[in-house]
Amino acid sequence: MLDALLHYLESTPDRTRFASTLPFIEGYFEEDAIPSEIRLRFLRFSIKLAESQLFQRDASELFDVSFNLLSNSLPKIKESIPTLYDQALGIYLAMNSKFLSGKKEYDEAFVRVNESKDKLGQAVLEAGSATDKNLKQALWQYAAQLAVEQKKFQLAVDCTIKSTPDAKSFIGARDYYFIYSIVPAALKVKDFESADYAIKHVELEMDRALGTLKVASAYLDVGDKPQAFERLVDVVKIIEKSEPSAKGVRIILSALPIAMRIEKSKAFELASLGIKIANRLPTPNADEQLGTESRKKYVDSVLVPAALDVMGAFTILAKSDVGFAAATVQEIQLRSLRLGAEIVVETDRIYPMPKELPKLALKPTAN
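If you count by the working numbering, then the sequence shown holds residues 1416 to 1782, one letter each, in order.
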């Protein structure tokens, strides 16, 4: 997912929209689990983005965001890509003189917040009274982070919404923050009410389905199968009323392990539904021949993601009931998808793996 997101950031000509999304997603590229190749690409992107703003006549929201991103990236660039450090530092110093002129009000506000005994309350107060649009947005975002840290998740949702009040370009980034930050943090402390509150404010249907699936899994973890099943039904309803998409297939099929833990028959029903959606995925037009850009886009955005999800789902089904899995494979109409599923099913049929590896009884050796 981060690889696709980074590709979008790198290839989009109109970068003004990044001002609203980068503050939300920057942290995800810094996590230890992220492959080093993706992390290095993001560092290079931070240099190129800042360089693109260097000669802008007036400072803008994107200028501020790219300056902050480069500032945060400099130590990592020095350590990981030392050959680019001098270039990055030069860009930073050139931007710094322009940035400082509007930085005083920003710094004073955050000093008041961080020196307050009630940082969250002060952040909300400062955000409410700020007149500068960029400062107001930054303060609301900071208030949201503080609210998550203090486990005030519903307030975090409200602060996030206030930080992105009117622009459609914020919606995807805001949904991402809800689904991957607020909802997991709330579920970690079993605050299902707050998780539901966050999901209620998710705009995009596929994101809402994904968040609901996380809630279903969390209910299973605490042994509440009826609630888990109810949320699974909600996920199915969202997917069924949406246009067929590779993401819809992925969400339905990724629900198989959850359904399997509730009742095996439910998992089989989900698999059939996933196949029906996959069978309705768009296919190339007559003019989209092999090697054309439109065909490559179809392969990258539809065929490959769907094929991987179908193969993963049938790996799970085959381990549970290889006969059912083999019969269900034949429902797949698209040959490219069916072939991958057949391979994993037949592999499990011919070379079945034990559900649990036998434990070795190790005997102590005599000295």
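Positions of the beta carbon are idealized from the N, C-alpha and C atoms, including for glycine.
Where do the ends of the alpha helix (DSSP H) carrying residue i lie?
i	result
Q1642	K1640 to E1655
A1678	Here the sequence assigns Glu to residue 1678, which means Ala is not the residue at that position. Careful: E1678 lies outside any alpha helix (DSSP H) and carries neither H nor E.
G1663	A1661 to S1669
R1623	E1620 to D1636
I1449	Element bounds for I1449: n/a, residue is neither H nor E.
T1743	V1737 to V1744
Y1592	I1586 to Y1592
S1609	F1607 to K1615
N1700	It is not in any alpha helix (DSSP H) - N1700 carries neither H nor E in the DSSP assignment.
Q1552	K1548 to E1564
T1575	F1568 to S1578
V1598	V1598 to K1603
T1762	R1750 to I1765
P1490	E1476 to S1495
So, are the CB atoms of residue i and residue j less than 9 angstroms apart?
i	j	result
F1593	Y1634	no
Y1591	D1636	no
A1384	A1571	Because the chain is modelled from 1416 through 1782, residue 1384 falls outside the range shown and cannot be assessed.
L1504	L1489	yes
Q1565	L1535	yes
A1553	P1641	no
D1501	Y1521	no
A1682	M1726	no
L1550	A1588	no
Y1557	V1528	yes
L1458	L1499	yes
Y1423	Y1595	no
V1717	P1697	yes
S1709	E1746	no
W1555	S1578	yes
By Cβ distance below 6 angstroms, which residues in the same chain neighbour residue i in space, the five residues on each side in sequence not counted?
i	result
T1427	none
A1610	V1598, A1601, L1602 and V1630
A1613	V1572, F1593, I1597 and V1598
V1664	G1689, I1692, A1693, A1721 and D1724
T1431	L1477
A1419	none
K1662	M1621
Grab me the residues of residue i's own chain with a C-beta within less than 8 angstroms of its C-beta, minus the 5 sequence neighbours each way, in chain order.
i	result
D1763	T1730, A1733, K1734, V1737 and A1740
K1774	Confidence at K1774 is low in this model, with a pLDDT of 46, below 50, so its placement is unreliable and the value that follows should be read with caution. Within the same chain, K1774 has no close Cβ partners at all.
N1782	Low local confidence applies: a pLDDT of 44 at N1782 is under 50, so the model's placement there is unreliable, with the coordinate-based value given in what follows. Counting only Cβ-Cβ distances below 8 angstroms, and skipping sequence neighbours, we find nothing.
R1695	P1659
Q1468	S1475, L1477, F1478, S1481, F1482 and M1510
L1628	R1646, L1647, V1650, I1666, S1669, A1670 and I1673
A1562	L1535, F1568, L1570, A1571 and C1574
Looking only at its chain, what residues have a beta carbon closer than 7 angstroms to the beta carbon of residue i, apart from the 5 residues adjacent to it on each side?
i	result
E1466	I1506
E1618	I1586 and D1590
L1685	I1667, A1670, L1671 and A1674
Q1569	S1609 and Y1612
F1644	I1677
K1679	S1735
R1456	L1421
Mind the definition here: the segment 1613-1627 touches the segment 1650-1668 only if three or more C-beta pairs lie below 8 angstroms; say whether that holds. Flag = yes, the segment 1613-1627 and the segment 1650-1668 touch.
Are three or more beta carbon pairs between the segment 1713-1731 and the segment 1742-1751 nearer than 8 angstroms? Output reads yes: the segment 1742-1751 touches the segment 1713-1731.
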